[in-house]
Amino acid sequence: MLFLLALLPLLGALAPALAIRFGRNACALAAGAITLSALIVLGSMVPGVMGGEVFTASVPWIPALGLNASLFLDPLGLMFAGMILGIGLLIIIYARFYLASADPMGRFFTYLLLFQGAMLGIVLSDNVLLLLIFWELTSLSSFLLIGFWRHSPEARQGARMALFVTGGGGLALIGGLLILGNIAGSYDLTVILQQKDLIQASPLYLPALLLILGGCFTKSAQFPFHFWLPHAMAAPTPVSAYLHSATMVKAGVFMLARLWPVLAGTDAWFLIVATTGLVTMVFAACVALFKDDLKGLLAYSTISHLGFLTMLFGIGTPMAALVGVFHIINHATFKAALFLNAGIVDHEAGTRDIKRLGGLFGLMPIAGTLALIAGLSMAGVPPLNGFISKEMMLYEAADTVWLGQAWVFPVLATLGATLSVAYSLRYIVHVYFGPRRDDYPKTPHDPGVGLWGPPAVLVALVVAIGLAPALVAGPLVNLVAGAVTNGAAEPEHLALWHGVTPALFMSAIALALGAALLAGHGRLDRLWQGARLPEAKRLFDAGVLGAVGLARKGTDLLQNGSLQRAMVALIATAVVVGFAGFLSADFAPGDRAGVEASPAAVVGWIALITATAMVVLTHRARYVSLIYIGIVGLIISMAFVHLSAPDLALTQISVEVVTILLMLLALNLLPKQTPVESPPWRKVRDGGVAVAAGLGVGGAAWAIMTRPLDSISSYFWENAYSGGGGTNVVNVILVDFRAFDTFGEIIVLGVAALGIFALLETVGTGPSGRRLALWKPDAVRSPEHHPMMLVVATRVALPLAVMVALYIFLRGHNQPGGGFIAGLVVAIAILMQYMASGFTFADQRLRADHHSMIGAGVLVAGLTGLGAMAFGAPFLTTAFDYFTLPVIGEFELATAVLFDIGVALTVIGAVMLALAQLSQVAQKAEKEPSPDTETAMDVDPARNEPVAATKEADR
34 MLFLLALLPL LGALAPALAI RFGRNACALA AGAITLSALI VLGSMVPGVM GGEVFTASVP
94 WIPALGLNAS LFLDPLGLMF AGMILGIGLL IIIYARFYLA SADPMGRFFT YLLLFQGAML
154 GIVLSDNVLL LLIFWELTSL SSFLLIGFWR HSPEARQGAR MALFVTGGGG LALIGGLLIL
214 GNIAGSYDLT VILQQKDLIQ ASPLYLPALL LILGGCFTKS AQFPFHFWLP HAMAAPTPVS
274 AYLHSATMVK AGVFMLARLW PVLAGTDAWF LIVATTGLVT MVFAACVALF KDDLKGLLAY
334 STISHLGFLT MLFGIGTPMA ALVGVFHIIN HATFKAALFL NAGIVDHEAG TRDIKRLGGL
394 FGLMPIAGTL ALIAGLSMAG VPPLNGFISK EMMLYEAADT VWLGQAWVFP VLATLGATLS
454 VAYSLRYIVH VYFGPRRDDY PKTPHDPGVG LWGPPAVLVA LVVAIGLAPA LVAGPLVNLV
514 AGAVTNGAAE PEHLALWHGV TPALFMSAIA LALGAALLAG HGRLDRLWQG ARLPEAKRLF
574 DAGVLGAVGL ARKGTDLLQN GSLQRAMVAL IATAVVVGFA GFLSADFAPG DRAGVEASPA
634 AVVGWIALIT ATAMVVLTHR ARYVSLIYIG IVGLIISMAF VHLSAPDLAL TQISVEVVTI
694 LLMLLALNLL PKQTPVESPP WRKVRDGGVA VAAGLGVGGA AWAIMTRPLD SISSYFWENA
754 YSGGGGTNVV NVILVDFRAF DTFGEIIVLG VAALGIFALL ETVGTGPSGR RLALWKPDAV
814 RSPEHHPMML VVATRVALPL AVMVALYIFL RGHNQPGGGF IAGLVVAIAI LMQYMASGFT
874 FADQRLRADH HSMIGAGVLV AGLTGLGAMA FGAPFLTTAF DYFTLPVIGE FELATAVLFD
934 IGVALTVIGA VMLALAQLSQ VAQKAEKEPS PDTETAMDVD PARNEPVAAT KEADR
């Protein structure tokens with residue numbers, strides 16, 4: 034049931050995207066049905082959780098990394114999941130009537146359900162690594178929701194800012210939770226939460242605490258990371274109501290509550306968490322009082338109330354944690370209702386600017402009544418739910434001593450409550466009361482029930498909890514508080530009247546002073562505007578610009594387009610690090626005996642050194658250096674043969690032929706001589722770095738080869754036939770043991786070919802096209818474009834090459850060969866057709882689509898792997914068996930053949946795509962029509978005359 038609950042919104046996110054084809058009602062109905070189904074599943078587990086049962090579910094995912102898909106539902110998870118799904122359902126109903134006809138509703142609900150699923154994953158995860166995945170998914174999905182109105186620069190910037198801040202905090206949280214799991218010896222929360230003494234005694238407690246709080250404070254917009262939340266108000270109102278009342282911003286508070294049993298109770302926890310919450314509460318409440326935008330006011334009020342909650346959990350007492358749990362519920366109800374109310378005002382009056390509003394109560398009595406009740410609850414006025422949790426907060430603050438000072442918390446908490454009263458009354462009075470205006474952007478009126486119905490449900494809860502807190506919220510609050518504190522919180526009887534206490538007087542003072550602040554708001558607002566206080570957004574923008582500028586300077590210094598400079602920096606760094614490590618450790622020569630070099634090996638080594646030196650000496654002559662590069666590749670192939678590695682030799686020589694031919698085509702359009710680019714001093718520097726790097730690599734290889742080495746090769750020798758069904762160990766490794774690597778490599782090969790296609794597709798346009806139009810051959814051309822002997826030889830060789838490739842392919846599982854080599858052999862044969870007969874002639878006869886061939890190869894290889902999973906085996910596991918047919922006898926069939934087919938198709942498609950693009954560029958560079966458009970030979974065999982003369986005679 035837990036997995037069904039967690040996956041319903043994620044899997045159902047596609048439903049509204051598909052249902053929009055049937056209309057907006059169908060789209061909203063699909064999204065609502067998904068959320069309602071998840072809510073029903075959650076409801077089926079409520080009796081068990083309320084009875085003390087903790088539901089668990091776990092599926093091994095990557096046990097070696099401690100990553101299990103483990104979920105659990107306790108009272109804390111139940112409360113948050115109920116808010117996520119319950120308020121989410123109301124938001125879906127509201128959004129159906131709020132979004133304009135031009136807004137892509139299917140996309141909106143898809144993003145909303147993705148976010149909903151990510152939030153459920155956070156509150157249900159037992160494994161912290163799984164929790165972190167969902168944590169980052171909330172950042173990504175909220176980025177999509179905040180930036181939903183792509184046409185709005187404010188929405189785009191708000192989305193980027195939210196992603197930057199919360200994503201950066203997420204990185205800190207990853208580090209903190211990994212440290213926490215390392216201390217506890219487990220990455221399961223149910224285990225970690227029982228290790229308080231071990232964790233708090235660890236020297237890594239403080240680093241883990243700081244990193245975790247970094248993630249929590251950024252997510253819950255605590256000072257000084259608060260600035261992203263007001264700019265996220267550029268999102269549609271349903272998004273603001275959902276993300277900033279019950280879900281995203283509460284994720285940080287949820288983590289504080291979840292980890293309270295093991296992190297709370299220390300001086301560091303109290304001083305950091307409680308102080309940050311108190312400062313945020315007062316600061317944000319002060320800013321909210323002077324915001325003219327309705328959603329801006331509510332955004333800063335949200336930040337203030339999040340500080341309220343952070344302070345309560347930071348105090349560290351079980352009773353303060355209980356009050357925090359209670360206020361989470363209360364805040365979700367009245368704040369979501371107010372956000373939805375602000376959307377109603379904007380929707381019906383045409384503006385959210387408070388200074389352009391006023392007197393709306395008579396025009397919008399339903400919306401005004403809802404705003405009045407929710408606003409008074411936010412202000413903490415009895416008999417509403419906000420009053421109860423506010424008074425309980427003040428009671429806890431009155432007993433809290435900060436650094437030996439007993440007045441700090443009571444005074445500042447009362448100040449925060451006073452400002453809360455002031456901005457709440459301003460929302461009510463300045464929007465709905467006072468004289469009516471005659472310059473509203475639109476004629477205000479109450480909306481339909483689709484818009485006022487969802488906030489009405491929330492307001493009903495505000496009143497119900499306020500009038501009967503013990504009945505409506507008491508059991509859940511006490512149960513959740515027990516879960517948060519590991520049973521340390523005593524059950525509390527929630528009541529509207531707590532007697533005559535210091536908290537009552539503090540509350541009365543807050544109400545009186547708040548009303549006085551509202552009365553003098555005009556004068557205070559002028560002082561606030563004249564103060565020209567620094568704005569967080571400007572500071573953030575300046576910081577981003579500074580960081581970008583610094584990064585650009587560093588990039589220009591190291592990556593100015595000079596490959597030489599980048600390589601020198603990279604290789605020099607590697608040399609310094611390598612030699613530093615070598616010199617800082619004791620070194621003893623290895624005692625493993627060497628193998629005497631044969632005369633052939635000595636000759637090959639000398640030839641290799643000579644060819645390599647000639648590449649360096651002749652590098653300015655491109656064709657000559659390319660020949661020497663080919664010689665180096667051939668010597669390496671011979672070395673593989675000498676060392677009994679025929680598969681590697683075949684692969685090396687095939688790759689060498691293909692790359693040399695393609696490079697010849699590319700060099701045809703480039704100058705045959707490169708200019709002198711490096712002064713002597715730079716050559717000395719580069720040579721020194723190269724020699725040092727070569728000595729380092731050679732020394733490292735020598736050190737490894739002269740020491741005993743336990744190789745995994747014995748495992749492959751022993752299991753290649755029994756596990757992979759083949760006697761060619763190399764091929765079995767490629768298509769079975771390390772098939773996932775091979776699969777990734779053919780994907781990279783296909784992407785590289787597509788990259789070549791994209792780079793060369795537009796080479797005939799723009800500046801490159803103009804340079805191509807001015808190109809002239811810089812060498813004498815052969816009078817024979819398509820020599821008859823070469824054409825005939827390649828035509829004869831084509832079917833022979835295909836037959837050889839098929840033979841190499843079929844024998845590859847037991848003898849040297851395989852799909853990669855076979856694909857290269859076919860590619861070479863086709864490439865020779867292009868070279869001999871011309872691009873047009875060959876392309877007209879080779880009708881395969883290269884893009885489709887690459888895609889088909891990757892798809893076939895991938896489906897082969899999925900087929901193994903369908904039968905319960907790991908991805909890309911080879912299955913094989915032996916069969917007998919008359920005449921043929923016994924033979925083996927293995928699924929690796931299908932995988933090899935995919936490899937071969939990808940190789941052929943990639944080589945042909947690169948060849949086609951290079952050939953097209955060469956055709957564009959030719960100023961005269963190529964004779965290959967009509968014939969593939971320069972001599973007509975029937976007449977033994979040049980083709981040009983035959984054409985003239987025919988005319």
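The sequence shown maps to residues 34 to 988 in this note's numbering.
The beta-carbon is built from N, C-alpha and C at its ideal position, and this holds for glycine as well.
Which same chain residues, not among the five before or five after residue i, have their C-beta less than 7 Å away from its C-beta?
i    : result
L210 : V161, L165 and I245
V891 : I779, I780, G783, G935 and T939
T299 : Q233
L695 : A947, L948 and L951
P962 : With a pLDDT of only 49 at P962, under 50, the local geometry of the prediction cannot be trusted, and the value read off the model is given with reservation. Cβ neighbours of P962 beyond the five flanking positions: none.
Y238 : I232
With a threshold of 7 Å (Cβ to nearest heavy atom), would residue i be considered close to the ligand PLP?
i    : result
E629 : This structure lacks the ligand PLP; in fact it carries no ligand of any kind.
Got a sec, what are the start and stop residues for the beta strand (DSSP E) residue i sits in?
i   : result
V92 : F88 to I95
How is residue i classed by DSSP in three states: helix, strand or coil?
i    : result
T917 : strand
W435 : strand
F256 : coil
F36  : helix
Q848 : coil
S801 : helix
L938 : helix
F18  : The shown model of the chain, from 34 to 988, leaves out residue 18, and the question about it has no answer.
Y840 : helix
E603 : The residue asked about is misnamed: residue 603 is Leu in this sequence, not Glu. Three-state DSSP puts L603 in a helix.
V82  : helix
D743 : coil
F466 : coil
F442 : helix
F620 : coil
W302 : helix
R565 : coil
E817 : coil
S595 : coil
A906 : coil
Name the DSSP beta bridge partners of residue i, please?
i    : result
D221 : N160
Q706 : A654
E923 : T917
A584 : For A584, which the question treats as bridged, DSSP gives no partner whatsoever.
D386 : D326
A102 : V92
I'd like the span of the alpha helix (DSSP H) that includes residue i, first residue to last.
i    : result
L276 : T270 to L276
N761 : Taken as a continuous stretch (DSSP letters only), N761 belongs to no alpha helix (DSSP H), as it is neither H nor E.
V286 : M281 to R291
G888 : H883 to A903
V513 : G507 to V517
I117 : P108 to Y131
D680 : P679 to L700
In chain order, what residues of the same chain have a beta carbon less than 8 Å from the beta carbon of residue i, not counting five sequence neighbours either side?
i    : result
D965 : Summary for D965: the model assigns pLDDT 46, below 50, so the residue's position carries little reliability; its value from the coordinates is reported in the next sentence. Only H818, H819, S870, G871, F872, T873 and F874 meet the Cβ criterion.
P468 : G391 and G392
E794 : Q950
I212 : L237, P240, A241 and L244
Might you give, ordered along the chain, the residues of its own chain that have their beta carbon closer than 6 Å to the beta carbon of residue i, omitting 5 neighbours on each side?
i    : result
A838 : A855, V858 and V859
A986 : Legend: pLDDT at A986 = 48, less than 50; position of this residue unreliable, value from coordinates given subsequently. The answer is none, since no qualifying residue turns up.
Segment contact flag, the segment 243–257 with the segment 353–360, C-beta cutoff 8 Å, min 3 pairs: Flag = no, the segment 243–257 and the segment 353–360 do not touch.
At least 3 beta-carbon pairs within less than 8 Å: the segment 165–175 vs the segment 188–205: As far as the Cβ criterion goes, the segment 165–175 touches the segment 188–205, which means the pair count is three or higher.
Stretch-stretch touch, CB-based, cutoff 8 Å, three pairs: the segment 332–343 with the segment 382–402: no
Segment contact flag, the segment 475–495 with the segment 370–379, C-beta cutoff 8 Å, min 3 pairs: yes
Contact between the segment 664–681 and the segment 717–736 (3+ Cβ pairs under 8 Å): no
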